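**Q** Take a look at the following structure, please.
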Amino acid sequence: SAVISQKPSRDICQRGTSLTIQCQVDSQVTMMFWYRQQPGQSLTLIATANQGSEATYESGFVIDKFPISRPNLTFSTLTVSNMSPEDSSIYLCSASGTSGYEQYFGPGTRLTVT
Amino acid sequence: SQQGEEDPQALSIQEGENATMNCSYKTSINNLQWYRQNSGRGLVHLILIRSNEREKHSGRLRVTLDTSKKSSSLLITASRAADTASYFCATDGRVGDSGGSNYKLTFGKGTLLTVNP
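Residue numbers (the numbering used here), protein chains in the order written: chain X, 1 to 114; chain B, 1001 to 1117.
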C-alpha cells in the first residue's frame, strides 16, 4: 500500500483567490487522482494525473479552474483558481495500487471560501 | 451522475449487532470496491470483488455481488464502536480510451453507519 500526505490539511480563503494543494506519495505510482467531496456528499472525480502528460478532466471540470501538475511519480498539485464559496469542499488525492484497481487516499484538504 | 447508490443512507445499531449496507449500480463493471471514511478523513480501501465473483470475505467483512441485479451488499459482523464511519461502494472504469491497466472510480452516495457502545 502507499502512504499519501496532503498539504495544507485545511485552509480558509477569500473569494477570488487561488489555493494550491500538494499531494505526496511515499512510493512511485503511475496514476494519481483528485476528488472533490462537498459537505455530507460522496466523492466526485475531478481529474486523473499521469506523469509526463496532461491531466484528464471529468465532465464539469476544466483546466482553467483546476490546473493540475504531475512533475514526477510521487508528487502532484491541484490548484483551485478564482475561488467562490461554492468551491468549499474537501479535496482528496489518491493513487492507484499495484493492481491498478484499488486506490489509496490522502487525508484530504478541507477548504472554506468566504 | 453517480454510478453507485447505497442504502440505507444512515444506519444506527448497537455494538455486537451486524450491519448490512447495499449498493446498486447502473452499468457493467470490472470490479466493485468498498471503502470506509472516518469523519472528515481520507478513504480506506476495505475489499474488492471482481465481476465474476459472488461472495468475498475479509475478517468481519462479507461482500456479495449480484451482477444480474447490478447490486452488492457489505455485511459487517459483530460491529464495534470503531466501525462508526461512512461506507462507500465504488465501481471502476478504465482511465481514458487507450487501454492500459489503471482505473478510475465512481463512488456511490455512501451509508453513514453509527455503532453505539
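Positions of the beta carbon are idealized from the N, C-alpha and C atoms, including for glycine.
All values derive from a computational prediction rather than experimental measurement.
1) With a threshold of 16 other CB atoms inside 10 Å of the CB of Arg15 (chain X), please say whether the residue is buried or exposed.
2) Just the C-alpha distance for Val1044 (chain B) and Ser1 (chain X), rounded to the nearest angstrom, thanks.
3) Scan the stretch 92–103 of chain X for residues whose Cβ lies nearer than 7 Å to a Cβ of chain C and list them as they occur along the chain.
4) From the beta carbon of Gln1002 (chain B), is the nearest beta carbon of chain X less than 8 Å away?
5) Considering only residues of the same chain and omitting the five flanking positions on each side of Cys23 (chain X), which have a CB-CB separation below 6 Å?
6) Measure the C-alpha to C-alpha separation of Tyr57 (chain X) and Thr79 (chain X) and round it to an integer number of angstroms.
7) So with Cβ pairs under 8 Å, would you call Leu43 (chain X) a contact of chain B?
8) With three or more beta-carbon pairs closer than 8 Å as the criterion, would you say the stretch 1013–1022 of chain B touches the stretch 1110–1117 of chain B?
9) With the cut-off set at 8 Å, would you say Ile12 (chain X) and Thr114 (chain X) are in Cβ contact?
10) Taking the alpha-carbon positions, what's the Leu43 (chain X) to Ala49 (chain X) distance?
11) Since Ala1019 (chain B) is in the beta strand (DSSP E), which residue starts that stretch and which ends it?
12) For His1045 (chain B), which residues in chain X fall below 9 Å Cβ to Cβ?
**A** To lay it out plainly:
1) As a position in the first sequence, residue 15 (chain X) is number 15, starting the count at 1. Arg15 (chain X) comes out exposed.
2) Taking the second sequence and counting its residues from 1, the one referred to as residue 1044 (chain B) is at position 44. Taking the first sequence and counting its residues from 1, the one referred to as residue 1 (chain X) is at position 1. Their Cα atoms are separated by approximately 11 Å.
3) The structure shown has no chain C; the protein chains it does contain are X and B.
4) Position 2 of the second sequence, counted from the start, is the residue given in the question as residue 1002 (chain B). Here Gln1002 (chain B) scores only 44 on pLDDT, less than 50, and its place in the model is too uncertain to base an answer on.
5) Within the first sequence, the letter at position 23 stands for residue 23 (chain X). Counting only residues of its own chain and dropping the five nearest sequence neighbours on each side, Cys23 (chain X) has a CB closer than 6 Å to the CB of Gln6, Ser76, Cys93 and Gly106.
6) Start at 1 with the first residue of the first sequence, and residue 57 (chain X) comes out as number 57. Start at 1 with the first residue of the first sequence, and residue 79 (chain X) comes out as number 79. The alpha-carbon atoms of Tyr57 (chain X) and Thr79 (chain X) are separated by roughly 13 Å.
7) Mapped onto the first sequence, residue 43 (chain X) falls at position 43. Under the 8 Å criterion on CB atoms, Leu43 (chain X) is classed as interfacial with respect to chain B.
8) At 8 Å Cβ cutoff, the stretches touch.
9) Counting from 1 along the first sequence, the entry for residue 12 (chain X) is found at position 12. Counting from 1 along the first sequence, the entry for residue 114 (chain X) is found at position 114. Annotated as proximal: Ile12 (chain X) and Thr114 (chain X), with beta-carbon spacing under 8 Å.
10) Locating residue 43 (chain X) in the first sequence gives position 43, counting from the first residue. Locating residue 49 (chain X) in the first sequence gives position 49, counting from the first residue. Leu43 (chain X) and Ala49 (chain X): Cα-Cα distance of roughly 17 Å.
11) The residue given as residue 1019 (chain B) occupies position 19 in the second sequence. Counting along the chain, the beta strand (DSSP E) containing Ala1019 (chain B) begins and ends at Ala1019 to Ser1024.
12) Walking along the second sequence from the start, residue 1045 (chain B) turns up at place 45. Those are Ser1, Gly97, Glu102, Gln103, Tyr104 and Phe105, listed as they occur along chain X.
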